[in-house]
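Mapping of the sequence shown onto the numbering used here: position 557 corresponds to residue 557, and the numbering continues sequentially without gaps.
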Amino acid sequence: MTRSLATSRIATVVAIAVSLVAAVGAIALDLAVLPEAALPEQPDPPLSSGWSGVLPGVAMLVPGCLLLWRLPWHPIAVVLVGFGTLWVLDGLASAAVNFAWFHDRDAWWAMPAFWFFSRLGSVLIFPIVLLLLLFPDGRLRPGGWRVASVVAIVLGLVMPFAFLFAPAEALAADEPARADLLAAFEPPIPTLPLPDAAWAAILAASLPCLAASLLLALVVCIGRRFGASAEERAQLRWLVWAGIVFVGALAIYPLVPTVVVDVLLSATIGLIGASIVIAVTRYRLYAIDRLLSWTIVYAVLIVAIVVVDVLVVLAVGSAIDDRVAMLLAVVAVTVAYAPLRGRLFAFASRLVNGRRGDPYAVVSSLGDRLERSADTRSQLADLASAIAEAFASPYVRVELDRPADEPLVAEHGARSADVVDVPIDHGGAVIGRIRMEPGRRPVASDRDQRLLGDLVRLAAASIRNAELGRELQAIRERLVLAREEERSRLRRELHDGLGPLLGGVKLRLEAASNLARRDPDRSLTLVDAAIADQAEVIDEIRRIVHDLRPPALDDLGLLRALEQQGARLTGGGLAVEVSGDVPADLPPAVEVAAYRIASEALTNARRHSGASRVLVRLGRDERWLRVEVRDDGSGIPADAVRGVGLRSLRERAVELGGTVDVAEAPGGGTVVRAALPLAHAARNSGEPTPNAAPDVPTTDEPVLPTRTAEEATADA
Numbered sequence: 001m002t003r004s005l006a007t008s009r010i011a012t013v014v015a016i017a018v019s020l021v022a023a024v025g026a027i028a029l030d031l032a033v034l035p036e037a038a039l040p041e042q043p044d045p046p047l048s049s050g051w052s053g054v055l056p057g058v059a060m061l062v063p064g065c066l067l068l069w070r071l072p073w074h075p076i077a078v079v080l081v082g083f084g085t086l087w088v089l090d091g092l093a094s095a096a097v098n099f100a101w102f103h104d105r106d107a108w109w110a111m112p113a114f115w116f117f118s119r120l121g122s123v124l125i126f127p128i129v130l131l132l133l134l135f136p137d138g139r140l141r142p143g144g145w146r147v148a149s150v151v152a153i154v155l156g157l158v159m160p161f162a163f164l165f166a167p168a169e170a171l172a173a174d175e176p177a178r179a180d181l182l183a184a185f186e187p188p189i190p191t192l193p194l195p196d197a198a199w200a201a202i203l204a205a206s207l208p209c210l211a212a213s214l215l216l217a218l219v220v221c222i223g224r225r226f227g228a229s230a231e232e233r234a235q236l237r238w239l240v241w242a243g244i245v246f247v248g249a250l251a252i253y254p255l256v257p258t259v260v261v262d263v264l265l266s267a268t269i270g271l272i273g274a275s276i277v278i279a280v281t282r283y284r285l286y287a288i289d290r291l292l293s294w295t296i297v298y299a300v301l302i303v304a305i306v307v308v309d310v311l312v313v314l315a316v317g318s319a320i321d322d323r324v325a326m327l328l329a330v331v332a333v334t335v336a337y338a339p340l341r342g343r344l345f346a347f348a349s350r351l352v353n354g355r356r357g358d359p360y361a362v363v364s365s366l367g368d369r370l371e372r373s374a375d376t377r378s379q380l381a382d383l384a385s386a387i388a389e390a391f392a393s394p395y396v397r398v399e400l401d402r403p404a405d406e407p408l409v410a411e412h413g414a415r416s417a418d419v420v421d422v423p424i425d426h427g428g429a430v431i432g433r434i435r436m437e438p439g440r441r442p443v444a445s446d447r448d449q450r451l452l453g454d455l456v457r458l459a460a461a462s463i464r465n466a467e468l469g470r471e472l473q474a475i476r477e478r479l480v481l482a483r484e485e486e487r488s489r490l491r492r493e494l495h496d497g498l499g500p501l502l503g504g505v506k507l508r509l510e511a512a513s514n515l516a517r518r519d520p521d522r523s524l525t526l527v528d529a530a531i532a533d534q535a536e537v538i539d540e541i542r543r544i545v546h547d548l549r550p551p552a553l554d555d556l557g558l559l560r561a562l563e564q565q566g567a568r569l570t571g572g573g574l575a576v577e578v579s580g581d582v583p584a585d586l587p588p589a590v591e592v593a594a595y596r597i598a599s600e601a602l603t604n605a606r607r608h609s610g611a612s613r614v615l616v617r618l619g620r621d622e623r624w625l626r627v628e629v630r631d632d633g634s635g636i637p638a639d640a641v642r643g644v645g646l647r648s649l650r651e652r653a654v655e656l657g658g659t660v661d662v663a664e665a666p667g668g669g670t671v672v673r674a675a676l677p678l679a680h681a682a683r684n685s686g687e688p689t690p691n692a693a694p695d696v697p698t699t700d701e702p703v704l705p706t707r708t709a710e711e712a713t714a715d716a
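Have a look at this one:
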């Protein structure tokens, strides 16, 4: 931390401490004079209430402290903090004079308080001129605008000059209503010796000069927008709007009661402070938007101070001396806000920044909601809602990829701006994505990124488990249907194919037996026909057995069986090459699935790709048998649709807990990759089945996800 930053932060803390003490004191003194001011025979307090200075001061202090904490001695921050503190002290001085007027006009602090209010208080409107001239970069605009800015500053200093250096007699002549106050509380301080007529003219011109200063500063602020960038124009628009409202409020000053003026002044100065905060945070001017929650905290604190003070005084004021009640109110406020401060800050932080301040609570809450969710769609909605609440995002969209179906989508809020994409990764594979609109504060810090990552990982695991459960149930249903279909097929094969053949053999043999003695030649003819029928029966049995499990696997093994299949397809300009390392103890189900997948891929390559060369590679590691079929054909057509064959490939792999990916091959053509779990590895490992495409030994780049390729590939 640099010395400049350290001193600016010390100044910020001092300003906050002084202003807080002064604000509590001013409101306590206001409450202390309420009983006297409420009596019919008593006149109204001679000066404005203390809160009329406290509220504008707080409205300037909050954005000023936010800026000064981050930007050492930035001119805008110095103006806001310095004059905001003066406003609060002016409110304390006003309340002190009112208290002395009713209770102790000879109090030692009455004269300094009156001097501060009546003399130094004349500079309190001047910071609005400076803000309009200096915002947003703290420098006067060059050229002719600089001359106009200097004129506005000079005009704005006429009133402070008059009230700081004019003698009491001149002030009394200018404002006769305060003659008694000046006589009672004006301290004997030296003034500037000018003729009475000169002072009268200066005092008479002070208010018009202030109005002209404000108008000229507003014109300069509006003129600054011309030639500025789009971001600077957006920043200035808020302040210009607030400045116009402020000048309009001052224009009706002579037409409304004092209390209305005080309220309007507080509201419009607060509006200017709010416009600076909006310009800063919405357009990232000073990168302090993460401190905006303090704005709400201190606004709530000020309101709470007033409410608590009133309640305390009303409760004990009638039974205890007024001064004691005042002290009790101050003590009660101080004690009460200590434990409440943390809750107030947490509330404000959640409102502005979301729930990211308590990451454990966010993750725990999402975990509970995911456990109660009945299906994947509800889990996606819970994830979208949790992210929106955590980061105060107005729009969150969660998409989940489904290989065999349309993506599942859940949305929270309404989209109104650009979104940021965050992938949902599980087990090394992207299974979906989150599209979120940045909130009041972007997800930029390392802590925010960790929280978002934790939410995504937690939800991804839960969603993936739900999807696996859904897929498992679907697979079970398909297995049951496949089993019943296979039984029906075997029944038809046996009944309609083998049954008649065997029945014919039986009839021929019976006829041959009957003719054996009477007509041996004809009997032998029937026996020969029965033998031929029996050979046909054997062929039919072999065909049925081949459909259940290719005999070549038992006779030749997986690698040689695929070489045989490739040899059948070779020809017509197509060459097939099979290579790899295959264990001898492959589980039968894995062996059949690998053979069927490779054979289907070879058939597709011959039928659809127009390839001249197809490479089949097999490999294994401790857990997986890997199959890759790559051709140099035309690749995947842009308008291709997913066919039955490729769906069958994936179903064969998924039934065993494996995966199949189909994608464009680097350099052209199509590549099919399959990973099938080895049975002994699956039994001995507690790790989940991977969802990523297997890393088949190859020097080419990784393939695309399964769903994208399947939907984009034509098949028979």
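Every residue gets a Cβ at the ideal spot worked out from N, C-alpha and C, and that includes glycine.
Assigned secondary structure, residue i (DSSP; H/G/I helix, E/B strand, else coil)
{"i": "residue 252", "result": "coil"}
{"i": "residue 575", "result": "strand"}
{"i": "residue 519", "result": "coil"}
{"i": "residue 79", "result": "helix"}
{"i": "residue 636", "result": "coil"}
{"i": "residue 581", "result": "coil"}
{"i": "residue 212", "result": "helix"}
{"i": "residue 663", "result": "strand"}
{"i": "residue 423", "result": "strand"}
{"i": "residue 617", "result": "strand"}
{"i": "residue 125", "result": "coil"}
{"i": "residue 624", "result": "strand"}
{"i": "residue 189", "result": "coil"}
{"i": "residue 676", "result": "strand"}
{"i": "residue 33", "result": "coil"}
{"i": "residue 429", "result": "strand"}
Length of the line joining the Cα atoms of residue i and residue j
{"i": "residue 562", "j": "residue 587", "result": "17 Å"}
{"i": "residue 409", "j": "residue 654", "result": "24 Å"}
{"i": "residue 55", "j": "residue 125", "result": "14 Å"}
{"i": "residue 50", "j": "residue 121", "result": "13 Å"}
{"i": "residue 174", "j": "residue 163", "result": "11 Å"}
{"i": "residue 390", "j": "residue 469", "result": "29 Å"}
{"i": "residue 518", "j": "residue 510", "result": "14 Å"}
{"i": "residue 472", "j": "residue 601", "result": "25 Å"}
{"i": "residue 46", "j": "residue 33", "result": "12 Å"}
{"i": "residue 659", "j": "residue 652", "result": "9 Å"}
{"i": "residue 523", "j": "residue 544", "result": "31 Å"}
{"i": "residue 358", "j": "residue 436", "result": "20 Å"}
{"i": "residue 208", "j": "residue 250", "result": "11 Å"}
{"i": "residue 672", "j": "residue 594", "result": "12 Å"}
{"i": "residue 232", "j": "residue 87", "result": "29 Å"}
{"i": "residue 187", "j": "residue 144", "result": "43 Å"}
{"i": "residue 633", "j": "residue 549", "result": "30 Å"}
Spatial neighbours of residue i in its chain, beta-carbon cut-off 6 Å, leaving aside the 5 residues before and after
{"i": "residue 68", "result": "8, 12, 77, 81"}
{"i": "residue 364", "result": "none"}
Same chain only: Cβ atoms within 8 Å of residue i, ignoring 5 sequence neighbours per side
{"i": "residue 153", "result": "129, 130, 133, 213"}
{"i": "residue 421", "result": "433, 434, 435"}
{"i": "residue 536", "result": "501"}
Identity of the residue in the options nearest residue i by Cα
{"i": "residue 275", "options": "64, 210, 413, 474", "result": "64"}
{"i": "residue 459", "options": "79, 566, 379", "result": "379"}
{"i": "residue 399", "options": "532, 27, 432, 472", "result": "432"}
{"i": "residue 385", "options": "362, 33, 402", "result": "362"}
{"i": "residue 245", "options": "18, 513, 273, 225", "result": "273"}
{"i": "residue 58", "options": "566, 266, 605", "result": "266"}
{"i": "residue 369", "options": "449, 455, 393", "result": "455"}
{"i": "residue 159", "options": "108, 171, 148", "result": "171"}
{"i": "residue 203", "options": "156, 548, 233, 189", "result": "156"}
{"i": "residue 423", "options": "449, 514, 415, 583", "result": "449"}
{"i": "residue 629", "options": "477, 425, 617, 572", "result": "617"}
{"i": "residue 648", "options": "479, 666, 105", "result": "479"}
Cβ shell of residue i (< 7 Å), same chain only, five flanking positions each side left out
{"i": "residue 3", "result": "none"}
{"i": "residue 516", "result": "523"}
Inside the stretch 382-420 only - beta strand (DSSP E) runs reaching at least 3 residues
395-400, 408-413
Ignoring anything shorter than 4 residues or poking outside the stretch 441-500, list the alpha helix (DSSP H) runs there in chain order.
446-492
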